[in-house]
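Let me begin by presenting the structure, written as structure tokens, before commenting on it.
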Amino acid sequence: MRIATWNVNSIRQRLDHLTAWLAERQPDIVCLQEIKCQDDAFPRQAFEALGYNLAVHGQKTFNGVAILSKLKFDEVTPGLPGDDGDDHARFIEAAFSTSSGVLRVASLYLPNGNPAGTEKYSYKIKWMNRLSHYASERLKLEEPLILAGDYNVIPTPADVHNPAAWVNDALFLPQTREKFRALESLGLTDAIRAVSDDDKLYTFWDYQAGAFQKDHGIRIDHVLACPRMTDRLQAVEIFRKARALEKPSDHVPVIATFED
DNA sequence: ATGGCCAATATGATTGGA
């Protein structure tokens, strides 16, 4: 079972890159973020032609998440619980029947939160608290659970090229990192850190200032796994090459492979 | 040379991203 995440920064701009990558890598489940279109504008046929089922939670202009799956969806639930007034499309959960029982996978796009000290940052922190509450409820079920997406969190100094330049950034503030550790404390494992202690495992490079060429990246796209899925984790790959394509997303895909 | 980009929108300036 291979589960991927990719912030594509517009599904319509990235359609060719995404379909070529899917055809080559054939992940079973793909969590997408920043699709930046409404549900009816999502290019469904391109993915159905590759054998994927779709669950889309879109929004005009900004945000938007989706899940592609070779497995049939048993249930699809858009929206993160905990705030009925939150109209950002940043979360979608799907449930699947597998040989090892019900598997739940969520695609999430956690708020950026910049600039710090504004309502944008308080929204981020509230969103992280809601995510923790959701995760704790799901973990109580003791069923396979994967939370994958763009967390907009740099977990440690090893996950950024120049930590000093990020100390006041919403992605790296102590409170942000503390909330991320709170998720881990619930029993979720940052999959790549279960298989590697390397630095420079970046998943995002800014479009500006030649950041990719200088490898000025950050690691903010994460696959979090429950204990049972962590036991089955075999490998995690970051597809750095995707950032070198023509008209790339500023994020690259990550695939976690789990024993069937 | 210490700044350099990108996507969506009734669109050519603004907003958001990170």
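Under our numbering, residue 534 is the last one in the first sequence; the count climbs by one each step, no gaps. We put the beta carbon where it would ideally sit given N, CA and C, even for glycine. Model, not experiment: these values are computed from the prediction.
Endpoints, alpha helix (DSSP H) assigned at residue i
| i | result |
| --- | --- |
| Leu519 | Run containing Leu519: none; DSSP gives neither H nor E here. |
| Leu419 | From DSSP, Leu419 is part of no alpha helix (DSSP H) but of the beta strand (DSSP E) over Leu419 to Asp424. |
| Thr293 | Leu289 to Arg299 |
| Ala468 | Ala465 to Val469 |
Residue i, DSSP secondary structure in three states
| i | result |
| --- | --- |
| His435 | coil |
| Thr477 | coil |
| Val441 | coil |
| His407 | helix |
| Arg493 | coil |
| Val510 | strand |
| Thr279 | strand |
| Leu457 | helix |
| Leu498 | strand |
| Leu413 | helix |
Candidates the options: closest to residue i by CA position
| i | options | result |
| --- | --- | --- |
| Leu413 | Ser523, Gly461, Thr293 and Ala465 | Gly461 |
| Ala439 | Tyr481, Ala294, Arg467 and Gly491 | Gly491 |
| Lys334 | Asp473, Phe316, Leu345 and Thr351 | Phe316 |
| Pro355 | Glu322, Ser410, Phe321 and Tyr476 | Ser410 |
| Asn281 | His362, Pro301, Gln307 and Asp290 | Gln307 |
| Ala267 | Tyr383, Ile399 and Arg451 | One cannot answer for residue 267 here, as it falls past the ends of the chain, which runs 275 to 534. |
| Arg455 | Phe370, Glu367 and Ile399 | Ile399 |
| Phe220 | Glu322, His435, Cys311 and Glu417 | The structure shown does not extend to residue 220, since the chain is modelled only from 275 through 534, so no value can be given for it. |
| Thr351 | Leu328, Gly484, Lys344 and Thr430 | Leu328 |
| Ser509 | Ala518, Lys453 and Asp534 | Looking at the sequence provided, one finds Ala at residue 509 rather than Ser. If we check each option's Cα against that of Ala509, Asp534 comes out closest. |
For residue i, the first and last residue of its enclosing beta strand (DSSP E)
| i | result |
| --- | --- |
| Phe532 | Val528 to Phe532 |
| Thr504 | Taken as a continuous stretch (DSSP letters only), Thr504 belongs to no beta strand (DSSP E), being part of the alpha helix (DSSP H) at Pro501 to Arg506. |
Check whether residue i and residue j have beta carbons under 8 Å apart
| i | j | result |
| --- | --- | --- |
| Asn337 | His525 | no |
| Gly387 | Ala444 | yes |
| Asp464 | Leu419 | no |
| His496 | Tyr425 | yes |
| Ile494 | Val427 | yes |
| Ser381 | Ala320 | no |
| Gly332 | Ile303 | no |
Inside the stretch 304-392 only - beta strand (DSSP E) runs reaching at least 3 residues: 327-331, 339-343, 349-352, 365-372 and 375-383
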